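Residue numbers (our numbering), protein chains in the order written: chain A, 19 to 140; chain B, 23 to 320.
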């Protein structure tokens with residue numbers, strides 16, 4: 019079964035790297051990419067992915083605000099927060115309160131991301 | 023531009039450049055010495071493989087993991103359960119006995135004699151005291167200083183961890199608005215703001231020879247050959263790595279700040295009204311860069 023993934027990150031470089039990791043991991047298809055939190059909410063509603071890879075620091079609407087909106091639409095969808103500010107305690111606490119499944123700090127090890135993806139959909 | 027900053031830009035040097043400036047060796051000799059070191063000196067991972075302690079794939083795995091960590095390669099291997107403390111010690115002892123530093127290399131190649139080397143090492147230490155130091159000018163608030171120190175340290179570490187490029191930063195200089203003159207600019211300039219307990223603007227300008235390897239590392243591709251939209255975006259993301267991790271570090275010290283999404287600028291702007299510039303003279307082994315902060319006047 020192929021899992022539908024939405025990437026929400028303002029960085030083109032980051033989106034490209036995550037797409038490569040997902041392709042190598044197998045069983046994942048990137049169905050949408052958004053570069054602001056607002057775009058992320060819109061695409062989430064349209065695409066209803068199985069997994070959201072979500073950055074925090076983004077223009078227009080940040081990742082945590084985007085996550086709150088996503089949770090209002092879907093309490094169950096799997097979300098991985100991938101951000102350079104993921105190690106900021108209050109960001110991580112808020113993300114956990116909003117039931118993210120994993121928190122990854124940038125820069126990350128692609129192998130670690132692949133392992134997390136594998137576990138999440140085992 | 024204050025004389026003190028211009029002196030700093032010229033003064034922040036690696037030992038080899040210092041020797042060239044003092045006419046002790048020439049650039050060809052330095053390049054020959056660096057090549058000798060590159061061929062002669064062995065990295066931790068390669069020794070570990072030769073001794074049968076690690077496989078090539080474990081080295082690749084640890085190298086990728088090192089991007090996320092401030093730990094040395096050996097410490098990381100121990101924490102991953104791949105090496106014992108005793109094995110790490112054997113490797114570092116081997117490196118100490120077999121790898122040669124630049125001074126020793128210059129001696130071996132007969133580019134310098136022992137008396138001159140000893141004298142120049144003492145001169146370099148004196149030079150270092152003059153141009154290097156982590157004290158921040160008093161005109162900056164204590165909270166700004168905490169943010170600046172964290173961002174500076176993370177800049178050094180991210181250059182090393184992400185692009186394997188060492189950089190050296192000299193002593194910071196405060197540039198008052200009326201003293202700002204023409205600023206050196208490189209092809210890619212990015213900026214991020216810290217806001218919260220204090221407002222600090224982080225500005226980083228890098229030459230092509232730094233932007234391209236940063237992009238190659240972030241994108242996981244062979245080195246791009248020219249600055250394009252993707253390379254600029256990669257440098258913005260690199261700036262995000264630095265400032266995001268700096269925000270996490272200062273939070274552990276009780277300073278709460280958010281960071282803005284990085285922006286791409288066409289040049290380094292002067293400090294806005296009510297702010298001053300804290301500039302660091304910085305040098306890398308691969309190309310030019312400019313690192314400065316805009317902080318509120320205190």
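Every residue gets a Cβ at the ideal spot worked out from N, C-alpha and C, and that includes glycine. Keep in mind it's a predicted model, so treat the numbers as computed, not measured.
Using beta carbons (cut-off 8 Å, strictly below), is residue i in contact with chain B?
| i | result |
| --- | --- |
| residue 106 of chain A | yes |
| residue 132 of chain A | no |
| residue 19 of chain A | no |
Identify the residues that DSSP records as bridge partners of residue i: which are they?
| i | result |
| --- | --- |
| residue 314 of chain B | B:225, B:301 |
| residue 21 of chain A | A:46 |
| residue 120 of chain A | A:98 |
| residue 75 of chain B | DSSP, once it has assigned bridges, lists no residue as partnering residue 75 of chain B. |
| residue 211 of chain B | B:227, B:287 |
| residue 339 of chain B | Absent from the model: residue 339 of chain B. The displayed extent of chain B is 23 to 320, so no value can be given. |
| residue 197 of chain B | B:299 |
| residue 101 of chain B | For residue 101 of chain B, which the question treats as bridged, DSSP gives no partner whatsoever. |
| residue 306 of chain B | B:189 |
Residue i to residue j, Cα distance in whole Å?
| i | j | result |
| --- | --- | --- |
| residue 85 of chain B | residue 182 of chain B | 12 Å |
| residue 308 of chain B | residue 231 of chain B | 6 Å |
| residue 157 of chain B | residue 283 of chain B | 29 Å |
| residue 139 of chain A | residue 89 of chain A | 19 Å |
| residue 248 of chain B | residue 234 of chain B | 7 Å |
| residue 24 of chain A | residue 64 of chain A | 11 Å |
| residue 72 of chain A | residue 266 of chain B | 15 Å |
| residue 261 of chain B | residue 214 of chain B | 7 Å |
| residue 218 of chain B | residue 270 of chain B | 13 Å |
| residue 64 of chain B | residue 171 of chain B | 32 Å |
| residue 74 of chain A | residue 82 of chain A | 6 Å |
| residue 138 of chain B | residue 191 of chain B | 26 Å |
| residue 41 of chain B | residue 274 of chain B | 41 Å |
| residue 124 of chain A | residue 147 of chain B | 36 Å |
| residue 131 of chain A | residue 241 of chain B | 15 Å |
| residue 263 of chain B | residue 132 of chain B | 43 Å |
| residue 295 of chain B | residue 163 of chain B | 17 Å |
| residue 86 of chain A | residue 110 of chain A | 14 Å |
| residue 278 of chain B | residue 169 of chain B | 10 Å |
| residue 33 of chain A | residue 100 of chain A | 11 Å |
| residue 176 of chain B | residue 268 of chain B | 6 Å |
| residue 209 of chain B | residue 256 of chain B | 13 Å |
| residue 71 of chain B | residue 52 of chain A | 43 Å |
| residue 97 of chain B | residue 111 of chain B | 11 Å |
| residue 144 of chain B | residue 49 of chain B | 21 Å |
| residue 121 of chain B | residue 59 of chain B | 8 Å |
Name, please, each residue of chain A whose Cβ falls closer than 7 Å to the Cβ of residue i.
| i | result |
| --- | --- |
| residue 270 of chain B | 103, 105, 106 |
| residue 259 of chain B | 29, 31, 32 |
Name the chain B residues whose beta carbon is nearer than 7 Å to that of residue i?
| i | result |
| --- | --- |
| residue 43 of chain A | Neighbours of residue 43 of chain A on chain B: none; closest Cβ ~14 Å, over 7 Å. |
| residue 129 of chain A | 83, 86 |
| residue 34 of chain A | 241 |
Could you check whether the Cβ of residue i sits closer than 8 Å to any Cβ belonging to chain A?
| i | result |
| --- | --- |
| residue 240 of chain B | yes |
| residue 255 of chain B | yes |
| residue 292 of chain B | no |
| residue 61 of chain B | no |
| residue 266 of chain B | yes |
| residue 273 of chain B | yes |
Determine the chain A residues that contact residue i at a beta-carbon separation under 8 Å, and present them in chain order.
| i | result |
| --- | --- |
| residue 90 of chain B | 123, 125, 126, 127, 130 |
| residue 183 of chain B | 125 |
| residue 302 of chain B | Residues of chain A passing the Cβ test: none, with the nearest at roughly 21 Å. |
| residue 263 of chain B | 102, 124, 125 |
Along chain B, in chain order, which residues have C-beta atoms closer than 8 Å to that of residue i?
| i | result |
| --- | --- |
| residue 77 of chain A | 283 |
So residue i contacts chain A; which residues on that side make the cut at Cβ distance below 9 Å?
| i | result |
| --- | --- |
| residue 252 of chain B | 30, 31, 34 |
Taking 7 Å as the cut-off, is the beta-carbon of residue i closer than that to any non-hydrogen atom of the ligand NAP?
| i | result |
| --- | --- |
| residue 65 of chain B | Ligands are entirely absent from the displayed structure, and the ligand NAP is therefore not among its contents. |
- [ ] Give, in chain order, every unbroken run of the alpha helix (DSSP H) that is at least 4 residues long and sits entirely within the segment 23–77 of chain A.
- [x] 30–43, 55–65
Open item on the list: I'd like the ranges of any beta strand (DSSP E) spanning at least 3 consecutive residues and lying wholly in the segment 232–292 of chain B.
Closed with: If we require 3 residues or more, the beta strand (DSSP E) runs fully inside the segment 232–292 of chain B come out as 279–281, 285–287.
- [ ] Please go through the segment 164–192 of chain B and give each complete beta strand (DSSP E) segment of 3 or more residues, from N-terminal end onward.
- [x] 189–191
Open item on the list: Please give the ranges of any beta strand (DSSP E) in the segment 78–138 of chain B, keeping only runs that are unbroken, at least 3 residues long and fully inside the region.
Closed with: Taking only runs of at least 3 residues, no beta strand (DSSP E) segment lies wholly in the segment 78–138 of chain B.
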